[in-house]
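Student: A single structure is presented below for examination.
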Amino acid sequence: MQRTTMDLWVGIFVIAGIGALLVLAFKVGNLGTYSAADSYVVTGSFENIGGLKVRAPVKSAGVVVGRVTGIQFSTDTFDAQVIMSIDSRYQFPKDTFASILTSGLIGEQYIGLAAGGDEAVLKSGDKIMKTNSALVLEEMIGRFLFNKASEGDGKEKAGAD
Amino acid sequence: MPRRIVIGIRGVGHRVIDSIWRLGYASRFFLLTMLKSGTSLRRFGLIIREVYFTGVLSLIIILVSGLFVGMVLGLQGYETLQRYGAESAVGTMVALSLLRELGPVVAALLFASRAGSAITAEIGLMKATEQLAAMEMMAVDPIARVVAPRFWAGVISMPLLAALFSAIGVFGGYLVAVVLIGVDEGSFWSQMQDAVDFRYDIVNGVIKTCVFGVAVTAIAVFEGYDASPTAEGVSGATTRTVVTSSLAILGLDFVLTSFMFRGMS
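Going down the list, the protein sequences come from chains A and B. Here this note's numbering is used: the first residue of the first sequence is 19, the next is one more, and so on. Here this note's numbering is used: the first residue of the second sequence is 3, the next is one more, and so on.
What follows is the structure, given as structure tokens:
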């Protein structure tokens, strides 16, 4: 085969391969939509994080504004410290409310931020003061059953009187 | 009776020593290839020629199998996910399974049987027809002239082939799920982009393919160079290339996966 034809084919092959990588990065992956390049880090302490995982999204009004970058257990306060990195395009007031929510009934868990009314904004290293723990299904069912049982007790007593 | 036991134990020892000797020989050969790659990297035309034979000519099989693997993943993923009403997650499933596992592993297996066997057969036949010996007579180092360009061509081609495999696989999944079955296109792509992380999923996949590329081509050139110079020897070496590199790919994949994706989401 001619040397130039071979060079052409190899060139096409290499360009197509790199193109495929770029397609994977931008169309399939999240490189185009979210970059962690310029972001600030805030922490929040939660009583119970349920099934929250590292890399879970941080959303506000349903829009992804950041990612969970770390989860630690604090032995001082005996609760979970969640470290979030938030895109610096989005500034949140100091009294922002963070809660752990679930997308759908059995979907993944994420952190939902609801903006407060404070003038000052959260800066890197700040701590979110107002948090709301994850709903744990077992605890809810347990509380529900307990309430039902005590209701039943009350009725029985009323009948005996 | 004791004599027979002694012979049996001796046989075990012989095999162990043989295989360790061969492993050492292969490592020395690999090191030698590395040391002598300098000259072949300077004559880049040789590597381009080999990229044509190992990479460009493997394109058809890689693209066709990638398309079909993606289509099958789309079908099966839809079948299972629609039971839970989560059929829009089929894009996530197709993309993650292709990028993390199937893309690198299946592309490497195909590469081993398509290009690795060809490299072994070529080098083995060169040895059998005494071309390698003739080169040495002319003071041309066969490792620098024949082995190193093939090795580097395989290392270059493998990640590109696997990237093409994954990309066309995702396209195949899209064809089946969105065009054929009618999953919503917007949620197909957006859920996929939400779940696939560039560093975590794509870069790890590329690292895997680079490791597989080195392993497959190193095994292929060694088996070819080590083949006994007969018709039987070359055919045996070709078989050994495919078997050993397939096992190496699957074993390395397990090791790499357990390091990369341990205990995370």
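Backbone N, C-alpha and C fix where the C-beta goes; we use that ideal spot for every residue, glycine too. Treat the numbers as computed from the prediction; the structure is a model and nothing was measured.
Since I believe Ile-159 (chain A) is in contact with Ile-118 (chain A) (beta carbons under 8 Å), could you give me their beta-carbon distance rounded to a whole number of angstroms?
Tutor: Between Ile-159 (chain A) and Ile-118 (chain A) the Cβ distance is about 18 Å, and since that is not below 8 Å, they are no contact.
Student: Is Ala-152 (chain A) helix, strand or coil by DSSP?
Tutor: Here Ala-152 (chain A) sits in coil by DSSP.
Student: With distances taken Cα to Cα, identify the nearest neighbour of Tyr-10 (chain A) among A:Ile-36, A:Asp-56, A:Gly-80.
Tutor: The displayed coordinates of chain A run from 19 to 179. Any statement about residue 10 (chain A) would go beyond what the structure contains.
Student: Thinking C-beta only, is Ala-155 (chain B) closer than 7 Å to Glu-52 (chain B)?
Tutor: Taking 7 Å as the Cβ cut-off, Glu-52 (chain B) and Ala-155 (chain B) qualify as a contacting pair.
Student: So Ala-98 (chain A) contacts chain B; which residues on that side make the cut at Cβ distance below 7 Å?
Tutor: Per Cβ cutoff of 7 Å: no residues; Ala-98 (chain A) is ~17 Å from chain B at best.
Student: If you measure from the beta carbon of Tyr-176 (chain B) to each beta carbon in chain A, is any gap under 7 Å?
Tutor: No, no contact with chain A.
Student: Please name the residue, chosen from A:Ser-92, A:Ile-146, A:Arg-73, that lies closest to Glu-126 (chain A) on a Cα-to-Cα basis.
Tutor: Minimum Cα distance to Glu-126 (chain A) is reached at A:Arg-73.
Student: Kindly say whether Tyr-54 (chain B), judged by its beta-carbon, lies nearer than 7 Å to any beta-carbon of chain A.
Tutor: It does; some Cβ of chain A falls within 7 Å.
Student: If you follow the beta strand (DSSP E) that Val-14 (chain B) is in, where does it begin and where does it stop?
Tutor: Element bounds for Val-14 (chain B): not the beta strand (DSSP E) but the alpha helix (DSSP H), 4 to 37.
Student: Can you look up Lys-129 (chain B) in the DSSP assignment and give me helix, strand or coil?
Tutor: Three-state DSSP puts Lys-129 (chain B) in a helix.
Student: DSSP on Leu-140 (chain A), reduced to helix/strand/coil?
Tutor: Coil.
Student: In its own chain, which residues sit with a C-beta less than 6 Å from the C-beta of Met-262 (chain B), not counting the 5 before and 5 after it?
Tutor: So the qualifying residues of the chain are Asn-206.
Student: Does the distance from the C-beta atom of Phe-153 (chain B) to that of Thr-219 (chain B) stay below 7 Å?
Tutor: Closer than 7 Å, so yes.
Student: Can you tell me whether Phe-162 (chain A) is buried or exposed? The criterion is at least 16 other CB atoms within 10 Å of its CB, across all chains shown.
Tutor: It counts as exposed.
Student: Alpha carbon to alpha carbon, how far is Thr-240 (chain B) from Gly-93 (chain B)?
Tutor: C-alpha separation (whole angstroms): 38 Å.
Student: Taking Leu-84 (chain B) as the query, report the chain A residues whose CB atoms sit under 7 Å from its CB, ordered along the chain.
Tutor: Checking the sequence, you will find Gln at residue 84 (chain B) rather than Leu. Here the premise fails: no neighbours, minimum Cβ distance about 15 Å.
Student: If you check the beta carbons only, do Leu-39 (chain A) and Ser-78 (chain A) fall under 7 Å apart?
Tutor: For Leu-39 (chain A) and Ser-78 (chain A), no; Cβs fall outside 7 Å.
Student: Is there at least one Cβ from chain B nearer than 7 Å to Gly-68 (chain A)'s Cβ?
Tutor: Not an interface residue.
Student: Among B:Phe-214, B:Ser-159, B:Gly-215, B:Thr-243, whose alpha-carbon lies nearest the alpha-carbon of Gly-35 (chain A)?
Tutor: Closest by alpha carbon: B:Ser-159.
Student: If you reduce the DSSP assignment to three classes, tell me which class Arg-17 (chain A) lands in.
Tutor: Nothing about residue 17 (chain A) can be reported from this structure: the residues present for chain A run from 19 to 179 only.
Student: Which residues does DSSP pair with Met-102 (chain A) in a beta bridge?
Tutor: Answer is A:Val-60, A:Val-86, bridged to Met-102 (chain A).
Student: When the cut-off is 7 Å and only beta carbons count, does Met-102 (chain A) lie next to chain B?
Tutor: False, the Cβ-Cβ gap to chain B never drops below 7 Å.
Student: From the beta carbon of Phe-31 (chain A), is the nearest beta carbon of chain B less than 7 Å away?
Tutor: At least one chain B Cβ lies under 7 Å of Phe-31 (chain A).
Student: Tell me where the beta strand (DSSP E) around Thr-120 (chain A) begins and ends.
Tutor: Looking at the DSSP string, the run of the beta strand (DSSP E) that includes Thr-120 (chain A) is 115 to 120.
Student: If we ignore side chains and look at the alpha-carbon of each, how far apart do Ser-267 (chain B) and Lys-71 (chain A) end up?
Tutor: Here Ser-267 (chain B) scores only 45 on pLDDT, less than 50, and its place in the model is too uncertain to base an answer on.
Student: Within 7 Å of any Cβ in chain B, is that where the Cβ of Val-86 (chain A) sits?
Tutor: False, the Cβ-Cβ gap to chain B never drops below 7 Å.
Student: For Met-194 (chain B), go through chain A and note every residue whose CB falls closer than 7 Å to its CB, in chain order.
Tutor: Per Cβ cutoff of 7 Å: Val-46.
Student: Taking the beta carbon of Ile-121 (chain B) as the centre, do at least 16 other beta carbons fall within 10 Å, making it buried, or is it exposed?
Tutor: By the 10 Å Cβ count, Ile-121 (chain B) comes out buried.
Student: If you drop the 5 nearest sequence neighbours on each side, which residues of the same chain put their C-beta closer than 8 Å to that of Leu-61 (chain B)?
Tutor: Result list for Leu-61 (chain B): Leu-163, Leu-166, in chain order.
Student: Going by DSSP, what residues sit across from Leu-131 (chain A) in a beta bridge?
Tutor: Paired residue(s): A:Ala-116.
Student: Just checking, does the stretch 129 to 140 of chain B make contact with the stretch 27 to 40 of chain B on the three C-beta pairs under 8 Å criterion?
Tutor: No, they do not touch.
Student: Taking only runs that begin and end inside the stretch 125 to 171 of chain B, name each unbroken alpha helix (DSSP H) of 4 or more residues, in chain order.
Tutor: For the stretch 125 to 171 of chain B, whole alpha helix (DSSP H) runs of length 4 or above, ordered along the chain, are 133 to 139.
Student: Compute the distance between the beta-carbons of Leu-101 (chain B) and Ile-204 (chain B), then report whether it is under 7 Å.
Tutor: In contact: Leu-101 (chain B) and Ile-204 (chain B) (Cβ atoms closer than 7 Å).
Student: Relative to the C-alpha of Thr-149 (chain A), which residue among A:Gln-109, A:Gly-143, A:Asp-97, A:Ser-142 is closest?
Tutor: Cα-wise, what sits closest to Thr-149 (chain A) is A:Asp-97.
Student: Need the endpoints of the beta strand (DSSP E) that Val-205 (chain B) sits in, please.
Tutor: Careful: Val-205 (chain B) lies outside any beta strand (DSSP E) and carries neither H nor E.
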